[in-house]
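Have a look at the structure below, then the notes.
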């Protein structure tokens, strides 16, 4: 999860971070990078016609991983544990280990619209105000774990129990159930106990995984009062939303953070210096994959390599894979690479002069995302973090807070900007929503939420606007949307971004859920202690804020939803695991239909979007697949 901010919102923070870099220089000597971007020791140079040139050392690997994001880092680390497997990772971005706006939890929005972001946007959305939406996607090792709000959430157990039904009859119909995945949720995690959250059941938490989780993030006064107001309207307080008991309730959100107050990413957790020193692992950065390479001599095409380059006009480089190629490029770029390589809807490929290799209509279809609404209210408590947006003059609060983070690992800059979280069902709380209007239940079961609510200690104004007064944000998310979108080719040039159309609010169900979410937020905000201690009624006449929602009709709320809906940056399901005849792209082992030697491991394989945040399920899927792939390739 990330939060949309105006492009200039963190200009002051960027300047202060520069001062921090000088400060850091007195504390430690920078490490020599351990990543490899010299293509000559990785692969064979090829000419513009794709004919292999002079063979150079290191051109052949057992497994090539495309994308060093969330799943790619997991697979790289786990597969290279097996010394007999030579592994190459090809990543288009750079390392984020020494990138301070990523390390500082609250600073991630300053990376949007920079070279560390793909700078993607959707086509105009006819059911959502007719405007396009920005879609930040990290161009960094570690993927979106480097630029998200760090929320640690397993989603509802019944979400995964639902997955096998999309596969029909399989070798092992329980392979993707919650019980089949639970040990992998625990495997990636090390939970660090906190004195203020001693009621967490540590038997439900991982204790030896690479990814640290805990409560070391900022806990603002605004968040504390919001949680109490949620309890007052009947949302039960629970210590942990990541257990086998389910996710319904309100809590201070657990995040991916360490005891030093630093962001935990897939890169700094899995691609440690020790891992990068393994002789059987190479990580190639700043390299864009242009297409997959196939051997067509058998009954099915076989993926045998990858072509990539450093720039649009740069030389094409080829690396070969003896065993398999694994796509971990995410829900946008995985289908993009498949289609550029001739795998996808044949009519679309031919229209862009791509020769179809496998007609697989499901590639790029069934795009799902969590639509979210962000509303801004005036704060009178004096605890708003809105000063982080200040761009004029010297920002003394930011400087002070940054020094607190640097020396103590605490303070406002450890905020994930989405500190308190509640998961609810529209039909389960008459005190909160006495007369809900929802014609369809799209959840995976009675313990699965359909709405997420969260609070931010600063407002998040729509693009092109700003808030001059101290504010806080309240947010509603439709967790099980029924609107389905697409990712399609713009051209056959790999440097042209694909066409993204999430089709937001194309079903009335999604509109209804978000309207109910706004109604729930209104009820919570007007409850004590939030109403008297935080909410400032002086904002009722300020049109840069959203106090008009308190007196809005249902029709007016619906129009607000259509104008304000935005991404929560959780795209999934564009290469989904399902039966081929139902639009599936991969089978239960995540192997691509119609080809050999090619797998997909990232959020694009989710059969449908889970009811929550997508980082944890992506990590768990990657951990599980690492075990399966190692077993397959190391059998005697």
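Residue numbers (mature numbering (1 follows the signal peptide of the UniProt record, and there is no 0)): -19 to -1, 1 to 617. Ideal Cβ positions, reconstructed from N, Cα and C, are used throughout, including at glycine. All figures in this text were calculated on a predicted structure; none of them were measured in a lab.
Using a Cβ distance threshold of 8 Å, residue 335 and residue 323 count as a contacting pair. The criterion of a C-beta distance shorter than 8 Å is satisfied by residue 570 and residue 609. The Cβ neighbour count for residue 46, taken over all protein chains shown within 10 Å, is at least 16; the residue is labelled buried.
In the three-state reduction of the DSSP assignment, residue 321 falls in the helix class.
If you draw a straight line from the Cα of residue 106 to the Cα of residue 598, it comes to about 28 Å. Given a length threshold of 4 residues, each whole run of the alpha helix (DSSP H) inside the region 208 to 279 is given here in chain order: 247 to 251 and 254 to 257.
Distance from the CA atom of residue 378 to the CA atom of residue 366, rounded to whole angstroms, is 10 Å.
The beta carbons of residue 501 and residue 413 sit about 6 Å from each other, so the pair counts as a contact at 8 Å.
Residue pairing of residue 188 in beta bridges, as defined by DSSP: 171. Shown here for residue 183: not one same chain residue has a beta carbon closer than 6 Å to its own, the five before and five after excluded. In this structure, residue 483 sits near residue 466, with a CB-CB distance shorter than 8 Å.
In the structure shown, residue 605 falls within a helical segment according to DSSP collapsed to helix, strand and coil. The continuous beta strand (DSSP E) containing residue 42 extends over residues 41 to 47. Taking each of 542, 394, 473 and 211 in turn and checking the Cα distance to residue 244, the smallest one comes out for 394.
Closest in C-alpha terms to residue 69, from the list 194, 174 and 289, comes 289. Taking a contact to require three or more Cβ pairs closer than 8 Å, the region 424 to 440 and the region 273 to 292 do not qualify as touching. When C-beta atoms of the region 442 to 453 are compared with those of the region 525 to 533, three or more pairs fall below 8 Å, so the two segments count as touching.
Within the same chain, 206, 209 and 210 come within 7 Å of residue 510 by CB-CB distance, once the 5 residues on both sides are set aside.
Nearest C-alpha to residue 147 among 565, 55 and 582: 565. Separation of the CB atoms of residue 315 and residue 581 is rounded to 6 Å, and the pair is thereby assigned contact status at 8 Å. Within the same chain, Cβ atoms closer than 7 Å to the Cβ of residue 519 are found at 359, the five residues on either side in sequence being excluded. Cβ neighbours of residue 421 within its own chain (closer than 6 Å, five residues either side excluded): 490. With the rule of 3 Cβ pairs closer than 8 Å, the region 108 to 128 does not count as touching the region 211 to 226. In the three-state scheme derived from DSSP, where H, G and I count as helix and E and B as strand, residue 389 is classed as helix. In the DSSP assignment, residue 327 falls within the unbroken alpha helix (DSSP H) covering 327 to 332. Counted as a single uninterrupted DSSP element, the beta strand (DSSP E) harbouring residue 437 occupies residues 432 to 437. Setting aside the 5 residues that flank it on each side, residue 460 is surrounded in the same chain by 351, 430, 431, 432, 433, 592 and 593, each with a C-beta closer than 7 Å to its C-beta; the list follows chain order.
Pairing residue 548 with residue 584 gives a Cβ-Cβ distance that is not under 8 Å. Apart from the 5 residues on each side of it in sequence, residue 191 sits with its Cβ closer than 6 Å to the Cβ of 250 and 251 in its chain, given in chain order.
Straight across, the Cα-Cα distance linking residue 255 with residue 343 is about 40 Å. Spatial neighbours of residue 327 in its own chain (CB-CB distance under 7 Å, excluding positions within 5 residues in sequence) are listed in chain order as 337 and 340. Remark: three or more beta-carbon pairs, one from each stretch, lie closer than 8 Å, so the region 254 to 273 and the region 70 to 88 are flagged as touching.
One thing to note: residue 573 has its Cβ within 8 Å of the Cβ of residue 567. Annotated three-state conformation of residue 481 is strand, per DSSP. At least 8 Å separates the beta-carbon of residue 259 from that of residue 65.
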